[in-house]
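Chains as they are written, first to last, in my numbering: chain A, 1 to 204; chain B, 1001 to 1204.
Using N, Cα and C, we set each Cβ at its ideal position, and we do this for glycine too.
This one's a predicted model, so the numbers in the text were calculated from it and none came from an experiment.
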């Protein structure tokens, strides 16, 4: 049983955009664009801390069943976030169903990892069944994404919601009750402090 | 978004047996036998509440790398628990690697579901990779285990530790800080009360 210092791979589930907007009397879809700046701030924090790899839940195939203004809004927010971190310097991989109109064109260049720097796996038009279906041909479709040490979810939900099931099997799961647009750097600090206190047994 | 009443399938991760023993100055392996009575009490509670299906984490292939007295002790505890719930009335299925000496002989009869009553999926000599490897032949090996609504883990750990990754994708995750041998019925009551307050979105 050993205690670890810094997680080598963190997963982020930035949930609560719609509830954040509704609490402010805004249309639900307005919430997504207020999630971009927090995402960039979190990205910069992870770079500064020297986290080698992060995975970010953009949107899922299930999400594309939502009302049309919401779909347009989260697609636009995901594209803006992804292109901006690529511009700032990241080894960016988009993980999701490629042969589908639901994947924004701007993200297609990242079907193979592009760029140098912190590894960012951005899940867009992702679905856990699509991912695991790759095993029928020998490997999961997210095969380039390593095992997660820590998952941080905003918005209070205590579930994975289909997030990278294979990479999540041994990950510690930290929940922030605040909605994602209310992200503060302390959230990550608290998650990392908590993480250091967890035992790592891997069943041994 | 709908709110649910009773979970139709609950997963239980009864962790903390060794730490419980160590806190009492007992050898670690002594902890496991103190987990049997709590398991039977929880089983009776679920039957009384009308929960249709439960999955219980017995032991994993990783666990069989532990010290020999521990292996003997958790195997014995798992056999005693499983045979007793079969005797009391359950539709019992043992899920784990069958062609292996690590699976106790007494459990081999349950490689196909036996008996009538509440469905109990008991994971013994289980490993998530073994489970998913079934997809290469078309289906996961735990194909008879339905999707989980709720997972309850004792012992404070906030991770799945390889527990049924496919069935866990949408499950709500409730953590009890007490060690498993200190199980009290209130733990389940609290988990169910919490569960009713969770929103069910499935990404829609």
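The C-beta distance from residue 1015 of chain B to residue 1162 of chain B rounds to 12 Å, too long to meet the 8 Å contact threshold.
At least 9 Å separates the CB of residue 1104 of chain B from every CB of chain A. A distance below 6 Å between beta-carbons, with the five flanking residues on each side excluded, links residue 121 of chain A to the following residues of its chain, in chain order: 55, 93, 95, 145. DSSP lists no bridge partner for residue 125 of chain A. Per DSSP, residue 53 of chain A lies in no alpha helix (DSSP H) segment; the continuous beta strand (DSSP E) that holds it begins and ends at 53 to 60. Taking 9 Å as the cut-off, the beta carbon of residue 1118 of chain B is found no closer than this to the beta carbon of residue 1084 of chain B.
In this structure, DSSP gives residue 91 of chain A an extended state, which the three-state scheme calls strand. With a threshold of 9 Å between beta carbons, residue 181 of chain A makes no contact with chain B. When C-alpha distances from residue 1109 of chain B are compared across B:1034, B:1129, B:1131, B:1086, the shortest belongs to B:1086. In the assembly as shown, residue 1112 of chain B is an exposed residue. Its beta-carbon has fewer than 16 other beta-carbons within 10 Å.
Residue-level contact by beta carbon holds for residue 199 of chain A and chain B, with a gap shorter than 9 Å. Residue 1136 of chain B has a beta carbon lying within less than 9 Å of a beta carbon in chain A. Looking at the backbone, the Cα of residue 1184 of chain B and that of residue 1033 of chain B are separated by about 16 Å. The three-state reading of DSSP puts residue 114 of chain A in strand, counting E and B together. Listed along chain A is no residue with a C-beta nearer than 9 Å to that of residue 1043 of chain B; the closest approach is about 24 Å.
About 26 Å separates the beta carbon of residue 102 of chain A from that of residue 9 of chain A, a gap too long to meet the 8 Å contact definition. Of the residues A:168, A:127, A:52, A:46, the one whose Cα lies closest to the Cα of residue 186 of chain A is A:46. Think of a sphere of 7 Å around the beta carbon of residue 1128 of chain B: the chain A residues whose beta carbon falls inside it are 169, in chain order.
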